[in-house]
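Accompanying notes for the structure given below.
2 protein chains.
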Amino acid sequence: MSDRPKRVEFREEGPREGFQIEKTIYPLADRAALVEALAETGLHHIQVASFVSPKHVPQMADSEQLFAAIRKRPGVHYAGLWLNEQGFRRAQATAGVDIAGRLALYASDAFALKNNGADAETMAKRQARWLDLYAEAGITAESCTIMTAFGCNYEGEIPPERVVRLARYARDLCAERGNPLKQILLADTMGWANPDQVTRLIGMVREAVPDVRLGLHLHDTRGLGVANVMAALDMGIELFDSSVAGLGGCPFAAHGDAGAAGNICTEDMVFLCHELGIETGIDLEALIECARMAERIIGRRLNGRVMHAGSLKPYRGARA
Amino acid sequence: MSDRPKRVEFREEGPREGFQIEKTIYPLADRAALVEALAETGLHHIQVASFVSPKHVPQMADSEQLFAAIRKRPGVHYAGLWLNEQGFRRAQATAGVDIAGRLALYASDAFALKNNGADAETMAKRQARWLDLYAEAGITAESCTIMTAFGCNYEGEIPPERVVRLARYARDLCAERGNPLKQILLADTMGWANPDQVTRLIGMVREAVPDVRLGLHLHDTRGLGVANVMAALDMGIELFDSSVAGLGGCPFAAHGDAGAAGNICTEDMVFLCHELGIETGIDLEALIECARMAERIIGRRLNGRVMHAGSLKPYRGARA
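These protein sequence lines are chains A and B, in that order.
Residues in the first sequence are numbered from 863 upward in steps of one, following the numbering used here.
Residues in the second sequence are numbered from 863 upward in steps of one, following the numbering used here.
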């Protein structure tokens, strides 16, 4: 327990994850209102929307208008997601997007091939091109996400040594360009991680890149999300991606589809931290209201637990 | 990690918890089929139904017929739940009920008063009457459940010393009658437990009653269920109550109603154990099919995660 952080940062991905996965296109005003409410809770990093093909993802076709509609709160980073150069250019051209450079590496060849028609090594080499683009834009690459770091439906188990190698590669690639990499996020893209694996992989990656801040991007696909967060906290991890109300889950996914459950749920994880005496800077009660707002917008029961049961605040010292 | 058990026992409560909480009365044949399927998975203890007032709980009015309908598998304990003498007599008179004596103590005065019009101490004294009844019936009290051991909506936080006192009391009361108590179950009746509290309370209770097997009855009310199980495993706990598919949750519960989420989900916890290399004696794939059967019977999406995403079995060594 001695390695536990005093304070944890949650980066909110609900608005992008949640609305992107749905078949419905929800009113822009509702999505803007949710982002605005989230920014009032103490969250400092909110992924608002993605800049991807409007043909393939019509739910995100109005990202420019969404960013324009949001009343911004000072000190909050309003992020956008891009997957290719065209998307990056759109994000750059959009007022109100807080641009921060990001690299992405694949720990699974099979997944890289499926997604991009290129193996993991080829995809890794292409990151140099992103560093060029970022340099041209006058920004740096702040973080690198290592996808399928814990396992892959197309490839099976992922040797942790491969993830360690990718972490070193990302750090070195950035360092060579005079761009010290600040963060590496280990992503459990398909919900394979278990607590022992989290402990082991964090230990190995930290040893390899001790100067880089490590974070986790976890999905609750198989119900181990909160146990994985506990294992990470015990290893001193203080950076997590998460989604309000557990947004990102898809109730229409067939059995066997790993898309069935979303990211770990922000307010449930904030509740965990507060119960353990770890600060988050987040107003849990306000965040619970955001989760309920998300549920009203989506129009069906969402995965979060604390949003339905309430926190323990009203009950503490009930008879005192 | 060195204290982790090699093997864990899950006691299935889904059929009783799940069908009792619903507004609908489901066909007896469906409920019998679920119990029969569960008994084929390797589960050795299944709580089938309760013997409570048919006026107040019409869902359980046909418990006698249900027990009669079930094709029994040798080696499986088919349990019934009773809360008063009348219920116990009914259970005794019902063919096919595996009767095992059980005591129940309240860690919260306020909850005891609300449920029984008597404080926790009075309720504790009444346990002597149960020991008499069990002795008359020629059985022993095998286990004692300590309710609201981690906190109570009506009373607030529960001092762990109180739980320790109750554990000693139960052990001594049974010992005086020449009935050595085998098990004490610490119940997180209202979903207050967090992993640190689990670690602490188990340590304290074990020190007080080292010869009694400790188990946990956990609810996933606020999403910390699996993290609490991890903490318990790390303390060597190898006995858990749980519900297939997370049965017992009530989607109609209002915000703030702690009934909103059910017990920890059996197949998700079995998945956790297997991923950690802990045996359960349970066929996970067969149990997942039971969870899907439960979902078809109930007729709406249930809380379990692995039942929707599937286990990792089909993906392991995908490219090997």
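From the three backbone atoms N, C-alpha and C, an ideal C-beta is built for every residue, glycine too.
It should be emphasised that the depicted structure is a prediction, and the values quoted were computed from it without experimental measurement.
Checklist line | For Arg-951 of chain B, the three-state DSSP class (helix, strand or coil) | finding: Helix.
Check: Out of curiosity, what's the CA-to-CA distance linking Leu-995 of chain B and Arg-893 of chain B?
Finding: 30 Å
Margin query: For Ala-999 of chain A and Gln-954 of chain A, which I take to be in contact (beta-carbon distance under 8 Å), what is that distance rounded to the nearest angstrom?
Written below: 6 Å
Next item on the list: Compute the Euclidean distance between the alpha carbons of Arg-935 of chain A and Ala-1156 of chain B, then round it to the nearest angstrom.
Entry: Roughly 46 Å separates the two Cα atoms.
Next item on the list: Within the segment 978-1047 of chain B, note down every full alpha helix (DSSP H) run reaching 4 residues or more, in order along the chain.
Entry: Counting only runs of 4 or more, we get 982-987, 989-998, 1022-1038.
Notebook entry, point to check: In terms of alpha-carbon separation, which member of B:Gly-1166, B:Ala-1180, B:Pro-916, B:Met-1066 lies closest to Gly-876 of chain B?
Noted result: When each option's Cα is compared against that of Gly-876 of chain B, the closest is B:Gly-1166.
Margin query: Taking 6 Å as the limit between beta carbons, can you name the residues of its chain near Gly-1053 of chain A, skipping five residues before and five after?
Written below: His-1081, Thr-1083, Arg-1084, Ala-1120
Check: Taking the Cβ atom as the reference point for each residue, do Leu-945 of chain A and Ala-986 of chain A lie within a distance shorter than 9 Å?
Finding: By the CB criterion at 9 Å, Leu-945 of chain A and Ala-986 of chain A fall outside the cutoff.
Notebook entry, point to check: Thr-1010 of chain B to Phe-881 of chain A, Cα distance in whole Å?
Noted result: 39 Å
Check: Which class does Glu-871 of chain B belong to by DSSP, given the choice of helix, strand or coil?
Finding: strand
Next item on the list: To the nearest angstrom, report how far apart Cys-1127 of chain A and Ser-1105 of chain A are at their CA atoms.
Entry: 5 Å
Notebook entry, point to check: The alpha helix (DSSP H) spanning Asp-892 of chain B covers which residue range?
Noted result: 890-901
Check: Who are the Cβ neighbours of Gly-1143 of chain A in its own chain at under 6 Å, not counting the five residues just before and after it?
Finding: Excluding residues up to 5 positions away in sequence, Gly-904 lie with their Cβ nearer than 6 Å to the Cβ of Gly-1143 of chain A in the same chain.
Item checked: Met-1050 of chain A - containing beta strand (DSSP E), residue span -> At residue 1050 of chain A the sequence reads Asp, which differs from the Met that was named. Counting along the chain, Asp-1050 of chain A falls outside any beta strand (DSSP E), and DSSP gives it neither H nor E.
Check: Does any CB atom of chain B fall closer than 9 Å to the CB of Asn-977 of chain A?
Finding: no
Item checked: Spatial distance of Ala-1116 of chain A from Ala-1171 of chain B (CA atoms) -> The predicted position of Ala-1116 of chain A is uncertain, since its pLDDT is 41 and thus under 50; no value can be drawn from it.
Margin query: Can you tell me whether Gln-909 of chain B is buried or exposed? The criterion is at least 16 other CB atoms within 10 Å of its CB, across all chains shown.
Written below: buried
Notebook entry, point to check: With a cut-off of 9 Å, does the C-beta of Thr-886 of chain B fall near any C-beta of chain A?
Noted result: no
Checklist line | Straight-line gap, Arg-951 of chain B to Leu-1086 of chain A (C-alpha atoms, nearest Å) | finding: 41 Å
Next item on the list: Could you name the residues of the same chain whose beta carbon sits closer than 7 Å to that of Met-1066 of chain B, not counting the 5 residues immediately before and after it, in chain order?
Entry: Pro-1022, Val-1026
Next item on the list: Quick one: residues in its chain with C-beta nearer than 7 Å to the C-beta of Cys-1152 of chain A, no 5 flanking neighbours on either side, listed in chain order?
Entry: Leu-896, Ala-899, Leu-900, Thr-903, Val-1106
Notebook entry, point to check: Would Asn-1056 of chain B count as contacting chain A if we go by Cβ distances under 9 Å?
Noted result: yes
Check: Okay, do the segment 925-943 of chain B and the segment 965-984 of chain B touch, 3+ Cβ pairs below 8 Å being the bar?
Finding: no
Note to self: Comparing C-alpha positions only, which one of A:Lys-976, A:Val-1091, A:Val-914 sits nearest to Glu-947 of chain A?
What the structure shows: That would be A:Val-914, whose Cα lies nearest to the Cα of Glu-947 of chain A.
Note to self: Here's a check: name, in chain order, each residue in its chain whose Cβ is nearer than 8 Å to the Cβ of Asp-1058 of chain A, leaving out the five neighbours to either side.
What the structure shows: Ala-1093
Item checked: Which listed residue (A:Leu-1063, A:Gly-942, A:Ile-883) has its alpha carbon closest to that of Phe-1012 of chain A -> A:Leu-1063
Next item on the list: Mind listing the chain C neighbours of Arg-1167 of chain A? Cutoff is C-beta to C-beta under 7 Å, in chain order.
Entry: This model lacks chain C altogether; the protein chains it does include are A and B.
Notebook entry, point to check: Start and end of the alpha helix (DSSP H) containing Gln-921 of chain B?
Noted result: Element bounds for Gln-921 of chain B: n/a, residue is neither H nor E.
Next item on the list: Going by DSSP, name the residue or residues bridged to Arg-964 of chain B.
Entry: In the DSSP output, where bridge partners are listed per residue, Arg-964 of chain B has B:Ser-1005.
Next item on the list: To the nearest angstrom, report how far apart Phe-1114 of chain A and Lys-917 of chain A are at their CA atoms.
Entry: Confidence at Phe-1114 of chain A is low in this model, with a pLDDT of 48, below 50, so its placement is unreliable and no value can be given for it.
Checklist line | Positions along the segment 1044-1078 of chain B whose CB lies within less than 7 Å of some CB in chain A | finding: Gly-1053, Trp-1054, Asn-1056, Pro-1057, Asp-1058
Check: Assuming Leu-1101 of chain A contacts Glu-871 of chain A under a Cβ cut-off of 8 Å, what Cβ separation, rounded to an integer in Å, is found between them?
Finding: 5 Å
Next item on the list: Under 8 Å by Cβ, that's how I've got Ile-1159 of chain A and Tyr-888 of chain A pegged, so tell me the actual separation to the nearest angstrom.
Entry: 6 Å
Check: To which residues of the same chain is Gly-1118 of chain B closer than 6 Å at the C-beta, ignoring the five residues directly before and after it?
Finding: Low per-residue confidence applies at Gly-1118 of chain B: pLDDT is 42, beneath 50, and the placement is therefore not dependable enough to give any value.
Next item on the list: In angstroms with no decimal places, state the Cα-to-Cα distance between Ile-1020 of chain A and Ser-925 of chain A.
Entry: 35 Å
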